[in-house]
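K.L.:
Okay, handing you the structure first.
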Amino acid sequence: MSASTEPQAGFLSRRRFFRWASSLTAALGAAPLFSSAKTLSSPTAWSDGEDYYAKLGVPTIINAAGTYTTLTAACMPAEVLAAVQKAALHPVRLHDLQRKAGEYIAQRLKCEGAVVTSGASGAISLATAACMQHANNINVLDMPQAIDGMKNQVIVQRAHRYGYDRAMYLCGARVTEVVTLDDYKRACGAGHAVMTNFFNAAEDEYGIAGSAQIGREEWLRVAHEYKIPCHLDAAADMPPISNLWKYTAMGFDLVAFSGGKGIRGPQNAGLLLGRKSLTDLAHENNNPEEGIGRGMKVAKEQIVGMVAAVDWVLSHTEESMQGDYQKRVDRIVAAVKGIPSVTTETVVPQIANHVPHLLIRFDPAVTGVTTGQIVAALRTANPPIELNPNTGQKPNQGIPADANTLVVGVWMLQPGEDAIVGRRIRTALTQKA
Ligand SMILES: *Cc1c(COP(=O)(O)O)cnc(C)c1O
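Going by this note's numbering, the final residue of the sequence shown carries number 1397, and the count climbs one at a time with no gaps.
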């Protein structure tokens, strides 16, 4: 039996080898080395790639909203994408890449240590796991199930509670909620805390979910009096670019940023920056170790993409980045100029999404169309346009909208899309004229 199957097995494996060699050649963009390259797709077809959105029937959209995960947030800049594509062709030892990427980012962002995480939410989980370990004599594999009787509290102001609390719970941590400074000192003194969490954008001058009583500096000072590490969630808080080192320089032990928002790295990447002793523990809890970070795998493509995105951000000045966003706003303003009752205003939220947003106010009695009708018209246009979700809403997160205000987030627009958005909004506003 083996005699009859052997030649065939040899034939198959040889064919498989040729297919592998040919596709490798194609992937490297070189001319085919083997003449039996029947299975080889042409290099042109490879570099163009199949349009799977078209193949799957998923409509592409124009993102005039902002860095919203439901809209897949940022698109990587060409330089970042090219770096990812290059890295994707070569395996490496994951630990080597994690360590070197962390060191490089820490050096560029002026902090002691850095971890490329699966996003800001993943960073919060790794931060919590690191602090749980720091406060207790436990192993990576003890969380969340084997920590009875251990320290497990994260102190948070009531006004800073949010959905991302779950990123902490999954390590076995629980939240101690405080309101006043006295509450906070008592909670710190009780000796159960492993970490404090500060939601950076909650200090926005417009306030989110009620106003917190304890400011950033005081929060940090008290925690450090009690030797409790402070984590700051600054996920959406770049730009300004200098925020990437401002908060670690202030003394926050750990700071989380989303990679797929303003930094424009891969959407499923993020950064945990801070004190090396803690980022080292975060690394220990990260994939491929089988602790809480195992399901938050960050592949070589995202790690390299995140490093390249940091380089991309740092290749800009604050003025060039904000100036580019302002130009997009100006083009849309010009497109809606002169429509009866329409006024425009540019607002820059204080902390999160600190970029120019365009507010287009109008009187529906004059235009004959409502906010809801305009949103629907844009959504069903070709290509569909999604406006910022603060459109038609009460003032929120630094955006003073109202029922008759369209909010345009320009920073996630691709080149040329500002003109399309301007034209479509003009059409929508004047459809009854
Ligand atoms: C977006 C955001 C997150 C989550 O970021 P991901 O990178 O999507 O995980 C966490 N916290 C805040 C305040 C955010 O705005």
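Quick reminder that beta carbons are idealized off the backbone N, C-alpha and C, glycines included. Model, not experiment: these values are computed from the prediction.
So, L1208 versus M1202, is the Cβ gap smaller than 7 Å?
P.N.:
The residue you call residue 1208 lines up with position 244 of the sequence shown. The residue you call residue 1202 lines up with position 238 of the sequence shown. Closer than 7 Å, so yes.
K.L.:
Does the beta carbon of Y1211 fall short of 6 Å from some heavy atom of ligand 1?
P.N.:
Residue 1211 sits at position 247 when you count from the first residue of the sequence shown. Y1211: no, Cβ never under 6 Å from ligand 1.
K.L.:
Using the C-alpha atoms, what's the distance from H1054 back to A991?
P.N.:
Residue 991 sits at position 27 when you count from the first residue of the sequence shown. Residue 1054 sits at position 90 when you count from the first residue of the sequence shown. Note that A991 scores a pLDDT of 47, beneath 50, so its modelled location is shaky and nothing firm can be said.
K.L.:
Please state whether DSSP places R1122 in a helix, a strand or coil.
P.N.:
To locate residue 1122, count along the sequence shown from 1; it is residue 158. It is helical.
K.L.:
Is the beta carbon of Q942 sitting closer than 7 Å to the one on T1144?
P.N.:
Outside the shown range of the chain, which is 965 to 1397, sits residue 942, and nothing can be said about it.
K.L.:
Tell me whether D1129, by its Cβ, gets closer than 6 Å to a heavy atom of ligand 1.
P.N.:
Taking the first residue of the sequence shown as position 1, residue 1129 is located at position 165. Not so, every heavy atom of ligand 1 lies at least 6 Å from the Cβ.
K.L.:
Any idea if S1241 is buried or exposed, counting beta-carbon neighbours within 10 angstroms, 16 or more meaning buried?
P.N.:
As a working note, residue 1241 is residue 277 in the sequence shown. With fewer than 16 other Cβ atoms within 10 Å, it is exposed.
K.L.:
Does any heavy atom of ligand 1 sit closer than 6 Å to the C-beta of A1273?
P.N.:
By one-based count along the sequence shown, residue 1273 stands at place 309. Outside the cutoff, so no.
K.L.:
Using the Cβ count rule (16 or more neighbours within 10 Å means buried), how would you classify A1093?
P.N.:
Taking the sequence shown and counting its residues from 1, one reaches residue 1093 at position 129. When all chains shown are included, A1093 counts as buried.
K.L.:
When you compare the CB positions of V1080 and V1262, do they come within less than 7 Å of one another, or not?
P.N.:
Locating residue 1080 in the sequence shown gives position 116, counting from the first residue. Locating residue 1262 in the sequence shown gives position 298, counting from the first residue. Taking 7 Å as the Cβ cut-off, V1080 and V1262 qualify as a contacting pair.
K.L.:
Run through DSSP, which three-state label would E1253 get?
P.N.:
Working through the sequence shown from its first residue, we reach residue 1253 at position 289. Reduced to three states, the DSSP call for E1253 is coil.
K.L.:
Would the beta-carbon of V1219 fall within 7 Å of that of G1234?
P.N.:
For the purposes of this step, residue 1219 is identified with residue 255 of the sequence shown, where counting begins at 1. For the purposes of this step, residue 1234 is identified with residue 270 of the sequence shown, where counting begins at 1. No, these two residues do not count as a Cβ contact at 7 Å.
K.L.:
Report whether the distance from the Cβ of S1279 to the nearest heavy atom of ligand 1 is below 6 Å.
P.N.:
Walking along the sequence shown from the start, residue 1279 turns up at place 315. No.
K.L.:
Is any non-hydrogen atom of ligand 1 found closer than 6 Å to the C-beta of A1123, if you look at the structure I gave you?
P.N.:
One-based indexing of the sequence shown puts residue 1123 at position 159. Every heavy atom of ligand 1 is 6 Å or more from the Cβ of A1123, so no.
K.L.:
When you compare each of Y1017, A1137 and Y1289 to I1256 by their alpha carbons, which one comes out closest?
P.N.:
Counted from its first residue, the sequence shown places residue 1256 at position 292. It is A1137.
K.L.:
Would you mind reading off the limits of the beta strand (DSSP E) that contains T1310?
P.N.:
Here residue 1310 refers to the residue found at position 346 of the sequence shown. Its beta strand (DSSP E) spans residues T1307 to V1311.
K.L.:
Considering G1373, what are the terminal residues of the beta strand (DSSP E) in which it resides?
P.N.:
On the sequence shown, position 409 is the one that residue 1373 refers to. T1369 to G1373 is the span of the beta strand (DSSP E), which, as asked, contains G1373.
K.L.:
Ignoring anything shorter than 4 residues or poking outside the segment 1212-1270, list the alpha helix (DSSP H) runs there in chain order.
P.N.:
Those alpha helix (DSSP H) runs which fall completely within the segment 1212-1270 and span 4+ residues are 1240-1249.
K.L.:
According to DSSP, is K1275 part of a helix, a strand, or is it coil?
P.N.:
Taking the first residue of the sequence shown as position 1, residue 1275 is located at position 311. Residue identity check: residue 1275 is Asp in the sequence provided, not Lys. DSSP places D1275 in helix when its eight states are reduced to three.
K.L.:
Looking at ligand 1, does it come within less than 6 Å of T1033, judged from the CB to the closest heavy atom?
P.N.:
Residue numbering aside, residue 1033 sits at position 69 when the sequence shown is read from its first letter. Yes, since a heavy atom of ligand 1 falls inside the 6 Å radius drawn around the Cβ of T1033.
K.L.:
Tell me the DSSP secondary structure of D1147 in three-state form.
P.N.:
Taking the sequence shown and counting its residues from 1, the one referred to as residue 1147 is at position 183. In the structure shown, D1147 sits in a helix (DSSP, three-state: H, G or I).
K.L.:
Ignore the nearest five residues each way along the sequence and tell me which others in P1108's own chain have a CB closer than 6 Å to its CB.
P.N.:
The residue labelled residue 1108 in the question sits at position 144 within the sequence shown. Cβ neighbours of P1108 beyond the five flanking positions: C1135 and G1136.
K.L.:
Is it buried or exposed, F998, if we count other Cβ atoms within 10 angstroms and call 16 or more buried?
P.N.:
Counted from its first residue, the sequence shown places residue 998 at position 34. Reliability fails at F998, whose pLDDT of 45 lies under 50, so the model's placement of it is uncertain and no value is given.
K.L.:
CA-CA distance, V1120 and A1392?
P.N.:
Taking the sequence shown and counting its residues from 1, one reaches residue 1120 at position 156. Taking the sequence shown and counting its residues from 1, one reaches residue 1392 at position 428. Cα to Cα, V1120 sits roughly 44 Å from A1392.
K.L.:
I'd like to confirm the pairing. Which residues does DSSP put opposite I1324 in its beta bridges?
P.N.:
Taking the first residue of the sequence shown as 1, we reach residue 1324 at position 360. Its beta-bridge partners are T1308 and L1370.
K.L.:
Alpha carbon to alpha carbon, how far is A1341 from N1317?
P.N.:
In the sequence shown, the residue the question calls residue 1341 occupies position 377. In the sequence shown, the residue the question calls residue 1317 occupies position 353. So the two alpha carbons sit approximately 26 Å from each other.
K.L.:
Count the other C-beta atoms from every protein chain shown that fall within 10 angstroms of the C-beta of T1160, then say buried if there are 16 or more, exposed otherwise.
P.N.:
Taking the sequence shown and counting its residues from 1, the one referred to as residue 1160 is at position 196. Label assigned to T1160: buried.
K.L.:
Hey, Q1290 and V1333 are a contact pair by Cβ (cut 8 Å); roughly how many whole angstroms apart?
P.N.:
The count along the sequence shown starts at 1 and reaches residue 1290 at position 326. The count along the sequence shown starts at 1 and reaches residue 1333 at position 369. With 8 Å as the limit, Q1290 and V1333 do not qualify as a contact, their Cβ atoms being about 28 Å apart.
K.L.:
Residues in its own chain within less than 8 Å of R1228 by CB, not counting five upstream and five downstream?
P.N.:
Against the sequence shown, residue 1228 aligns to sequence position 264. Closer than 8 Å at Cβ, skipping near neighbours: A1038, C1039, M1040, P1041, V1044, A1273, W1276 and V1277.
K.L.:
Is any heavy atom of ligand 1 found at a distance shorter than 6 Å from the C-beta of D1060?
P.N.:
To locate residue 1060, count along the sequence shown from 1; it is residue 96. False, no ligand heavy atom lies under 6 Å from that Cβ.
K.L.:
From N1346 to H1156, what distance separates their C-alpha atoms?
P.N.:
Taking the sequence shown and counting its residues from 1, one reaches residue 1346 at position 382. Taking the sequence shown and counting its residues from 1, one reaches residue 1156 at position 192. So the two alpha carbons sit approximately 56 Å from each other.
K.L.:
Does the separation of the CB atoms of V1400 and N1354 fall below 7 Å?
P.N.:
The shown model of the chain, from 965 to 1397, leaves out residue 1400, and the question about it has no answer.
K.L.:
Count the other C-beta atoms from every protein chain shown that fall within 10 angstroms of the C-beta of T1024, then say buried if there are 16 or more, exposed otherwise.
P.N.:
By one-based count along the sequence shown, residue 1024 stands at place 60. Flag for T1024 reads exposed.
K.L.:
Between L1058 and S1085, what straight-line distance do the alpha-carbon atoms span, to the nearest angstrom?
P.N.:
Numbered from 1 along the sequence shown, position 94 holds the residue referred to as residue 1058. Numbered from 1 along the sequence shown, position 121 holds the residue referred to as residue 1085. Taking the straight line joining both Cα atoms gives about 21 Å.
K.L.:
Under the rule that 16 or more other beta-carbon atoms within 10 Å means buried, what is V1056, buried or exposed?
P.N.:
Position 92 of the sequence shown, counted from the first residue, corresponds to residue 1056. Looking at its Cβ environment, which holds fewer than 16 other Cβ atoms inside 10 Å, V1056 is exposed.
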